[in-house]
Amino acid sequence: MALCGGVGAMALPSELIVHIFSFLSDRDKLRASAVCSRWRECLFYPALWTELKLRIGSGCNNGSGSSEETSRLEFLMRKFGSFVRELQLELAPVEGYLSPLNNDPSSPRMDQPPGADSDPQLSERWRDAMTTYLDQVLCVFTSIRNNRNLQKLSLYGDTCILQQEGLLDSSNLHQIHQGDKKINEIQQLFMELLSNSRQMRWLSCSFMLGLVTPCSLACLSNPSAETLQHLSLLDHQLGPLISPSELDRLSNLHSLALDFSDLTSELCGLLASPRRTPLHRLSLLLNGAALEFKPLEGTATEEDWKALVRVSANLRVYIMTLEVDSSELLRVLKPSLPLERLHLDSYSTLVTDATLELISQQYNKTLTHFLLLRDDPNFPDLSVNRNEDPLVLLAWRCTQLAVLVIHGYTVWSHNLVAISRLRGSNLRVLTVSEESIDFDPDQSVCMEGDPVHNLVKEVSLGLGRVWHPCLDSSLVLSEPTQHFHRELHAFSMDLLILVSQPSDSSGDGGLTLGLCETG
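The sequence shown begins at 1 in full-length UniProt numbering and counts up one residue at a time.
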């Protein structure tokens, strides 16, 4: 990098060095910052770092690892927190802290927090995990509290862990040293951030333990209330996180994500007001474990959905259900609901063939994504006592179907071939776990060769591309709340890229770091 006349790169103006560094990848920027103090100073110019993506945790469960990642987080937030425009913070799943000590493979995906009769060692690890979580969230909000340029804030915390008796919530914080004090400070810092914001366009808080309260959104500044285009508030708390009066302030929302039980008839009526910007994306999470505390009474009716669709003609809805039985599903799947994506997830609760029949009939023109997942060793056959398999009928009726994912239910090989032929290359994703596939012995007798090889060949021909069953069910059974958070982000982001105003072009730098890598 030497220049003519023996003048080296150190003689270049800082502005030119910053411009040169703008062509580097994020990883190369970090490497270059270790060359010398001058380069390090130039590399931390705000223009190079407008976007920051942090994944904290990744299952480190020892004190030294937690301390190290917290130090690295503090460094990054100290450098970028006051000026970053887009911050995505994802707290890694806490299985490393809370997984059963015996590594029982039959354990569910969400682990149980320690109770009175839990292993003491497990209880200690849980307390360490929660202490680290609180300290790291405090670090983040302390750094961004006065950031007036923040336009996008996306937060996800895998801390609302299902347990047999109910849900883990902030009431468990009394077990943590100064837990109540820390959570109160976090809530105050969050409200201070909202109050100081001036151009917030995206605000997403998913399962951040105790962060959002029913009073939080009232602190959002008036300028940000005008510019906000996406709002996502998801938690397992007992009460709604957004009031009708606060929703009324946010008149320019294009995208919204809520707990299904929080979408009341009154809220739906407000969204249907002609004075508002039409809503384009609505993501709803229905958790069966919370229905005892948050019943469906008072939620949007068929007439409410009709009124909303009249005003928001391009509205599309994404619904994910966790451990919800078919009787409750039939209550929420209204005919006028413009359902585009549906994810039915459970550990043991069965989805009936009648429910699939209803879905394929009501949403035959709108459904593009359908995920049917069940984490149970038994694989029920939904086609028993039926002339036609309900999944084949769904593939036939839903002409827009592009993504189909199945695990935990029996899928007969000939029905899988039929699905591939019905949808062809338009079915961009067909993921079926190998465990779910079964073969008709009568057909196998008449067929030469290996039945699995024949199945792969026939499905590949139907889809017009090479296809294989999924051999690892863990790739299908992702952590449900994390999947919902990421999916609603993609679901809403595609729309907002089109409707958002162009941002300042003074740098598009982004940083994606796993602060505690697991190799």
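Where a beta carbon is used, it is the ideal one built from N, C-alpha and C, also for glycine. This structure is a prediction, so every number in the text was calculated from the model and none was measured.
Item: Can you check which of these residues, THR355, GLU303, THR368 and CYS219, is closest to SER336 by C-alpha distance?; Value: GLU303
Item: Excluding the 5 residues preceding and the 5 following ASN314 in the sequence, name in chain order all residues of the same chain whose CB lies nearer than 8 angstroms to its CB.; Value: PRO278 and HIS280
Item: Terminal residues of the continuous beta strand (DSSP E) containing MET200?; Value: Note, MET200: premise wrong, no beta strand (DSSP E); not H, not E.
Item: Which class does VAL18 belong to by DSSP, given the choice of helix, strand or coil?; Value: helix
Item: List the whole-angstrom C-beta distance separating LEU367 from ARG331, where the pair is believed to meet the contact cut-off of C-beta under 8 angstroms.; Value: Actually they are not in contact, since the Cβ atoms of LEU367 and ARG331 sit about 19 angstroms apart, beyond 8 angstroms.
Item: Taking only the alpha-carbon atoms, compute the straight-line gap between LEU228 and GLN199 and give it to the nearest angstrom.; Value: 8 angstroms
Item: For MET110, count the other beta carbons within 10 Å of its own beta carbon; 16 or more makes it buried, fewer makes it exposed. Which is it?; Value: Because the pLDDT at MET110 is just 39, under 50, the model does not fix this residue reliably, and the point stays unresolved.
Item: Applying the 10 Å Cβ sphere with the 16-neighbour rule, what's the burial state of ASN146?; Value: exposed
Item: Since LEU373 is in the alpha helix (DSSP H), which residue starts that stretch and which ends it?; Value: LEU373 -> not in any alpha helix (DSSP H); beta strand (DSSP E) instead, spanning 369-374.
Item: Identify, in the order they occur along the chain, each residue of the same chain with its Cβ nearer than 7 angstroms to the Cβ of PHE44, setting aside the five sequence neighbours on each side.; Value: LYS79
Item: Using only CA atoms, which one of GLU479, VAL456 and ILE359 lies nearest to HIS468?; Value: VAL456
Item: Does the contact criterion of 3 or more C-beta pairs under 8 angstroms hold for the stretch 238-250 versus the stretch 210-229?; Value: yes
Item: Taking C-beta to C-beta, are THR352 and SER326 nearer than 8 angstroms?; Value: yes
Item: What residues in its chain sit with their C-beta under 7 angstroms from that of VAL309, if we drop five residues either side in the sequence?; Value: LEU315, SER336 and PRO338
Item: Name, in chain order, the residues that DSSP records as bridge partners for GLN482.; Value: None, per the DSSP bridge assignment.
Item: Under 8 angstroms between the Cβ atoms of LEU233 and LEU241?; Value: yes
Item: Suppose only complete runs of 4+ residues qualify. What are the alpha helix (DSSP H) ranges in the stretch 389-418, listed by chain order?; Value: 390-397
Item: Taking C-beta to C-beta, are THR299 and SER265 nearer than 8 angstroms?; Value: yes
Item: Pull up the CB-CB distance for TYR156 and LEU91, whole angstroms please, since I reckon it's below 8 angstroms.; Value: 7 angstroms
Item: How would you label ALA418, buried or exposed, when you count the other beta carbons within 10 angstroms and need 16 or more for buried?; Value: buried
Item: Should GLN178 go down as buried or exposed, given a rule of 16 or more other Cβ atoms within 10 Å for buried?; Value: exposed
Item: I need the DSSP call for GLU340, collapsed to helix, strand or coil.; Value: strand
Item: Is there contact between the stretch 361-380 and the stretch 408-418, where contact requires at least three CB pairs shorter than 8 angstroms?; Value: yes
Item: Reducing DSSP to helix, strand and coil, say where MET208 ends up.; Value: coil
Item: Can the beta-carbon of LEU422 be found closer than 8 angstroms to that of ALA395?; Value: yes
Item: If you draw a straight line from the C-alpha of TYR347 to the C-alpha of PHE379, how long is it?; Value: 12 angstroms
Item: First and last residue of the beta strand (DSSP E) that includes GLU302?; Value: From DSSP, GLU302 is part of no beta strand (DSSP E) but of the alpha helix (DSSP H) over 302-311.
Item: With distances taken between CB atoms, is the gap from GLU86 to LEU30 smaller than 8 angstroms?; Value: no
Item: Less than 8 angstroms between the beta carbons of LEU382 and SER425, yes or no?; Value: no
Item: Compare the C-beta of ALA490 with all C-beta atoms of chain C and state if any pair is closer than 8 angstroms.; Value: The structure shown contains no chain C, having only a single protein chain.
Item: By a C-beta neighbour count over all protein chains shown, 10 Å radius and 16 as the cutoff for buried, is GLN188 buried or exposed?; Value: exposed
Item: Do SER413 and SER473 have their C-beta atoms closer together than 8 angstroms?; Value: no
Item: What do you reckon, are the CB atoms on LEU48 and VAL18 nearer than 8 angstroms?; Value: yes
Item: Less than 8 angstroms between the beta carbons of CYS36 and SER14, yes or no?; Value: no
Item: Can you tell me which residues form a DSSP beta bridge with ASN287?; Value: LEU322
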